[in-house]
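According to my numbering, the residues represented by the sequence shown are 1265 to 1443, in order.
The beta-carbon is built from N, C-alpha and C at its ideal position, and this holds for glycine as well.
Computed from a predicted structure; not experimentally measured.
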Amino acid sequence: FVPSGGVIGVLSAAAILGAIVVAFSGGPKSGVAILIASLVIVPTLIAFMIRVWPETPLGRMILIRLPEDQDEVGPDSDYRRELKGFFGRFGRVRSPMRPSGLIEIDGRTYDATSPGLSLEVGEPIEVASLSMNRLVVRPCELAPDPATRSPAAVPVASDDPLSQPIEQFGIEPLDDPLA
């Protein structure tokens, strides 16, 4: 492979045209024969190279092969390896999934999506697949795993501001600024 910016292709086309012109100078029969040969051989050779060359040893070294599996493309992090271990596991929805939200498996919260389904808090789910570092879940009848708990039974840290009532923040009522 020579990175020529198309110069080699232009020179090749000029050489073929030159061969046709020289052949016609030798007589019309030889000119027509070279013209027909060029019109048949060049497209056939291009089609052959497009189909066969990627399968040759040199073609395999130069050309990039498309990955057979989507998992070969993504980053292979510890978090992704951990998520791969959740296939077939059961849990519960922790926040409304429309279609993405939070789920809980074994007391830990994970980001997940459902394939176009809206799931409500507390519904049992099963992990179906992994897509873009997010678990893809589907609803199931009930979670047979006794380690999964409903979101109401999950202990919430006392310093979590989202779990505390608004009165605890000491926010004073807003007075009418125009009065």
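CB of R1358 within 8 Å of CB of T1377, strictly | Inclusion of R1358 and T1377 in the CB contact set at 8 Å is not warranted, their separation being larger than that value.
So who's on the other strand from E1368, going by DSSP bridges?
-> E1368 is bridged by DSSP to R1356 and T1373.
Secondary structure at I1326, three-state DSSP: helix, strand or coil?
-> Here I1326 sits in helix by DSSP.
Proximity test, Cβ basis, 8 Å: L1399 and chain B = Among the protein chains of the structure shown there is no chain B, as only one such chain exists.
Under a three-way DSSP split, which group does M1361 fall into?
-> Residue state, collapsed to three classes: strand.
Ignore the nearest five residues each way along the sequence and tell me which others in G1295's own chain have a CB closer than 6 Å to its CB.
-> Taking G1295 as the centre and dropping the five residues before and after it, the same chain places the C-beta of A1287 and F1288 closer than 6 Å to its C-beta, in chain order.
Could you give the distance in angstroms between the alpha-carbon of L1299 and the alpha-carbon of V1274?
-> The straight-line gap separating the alpha-carbon atoms of L1299 and V1274 is approximately 18 Å.
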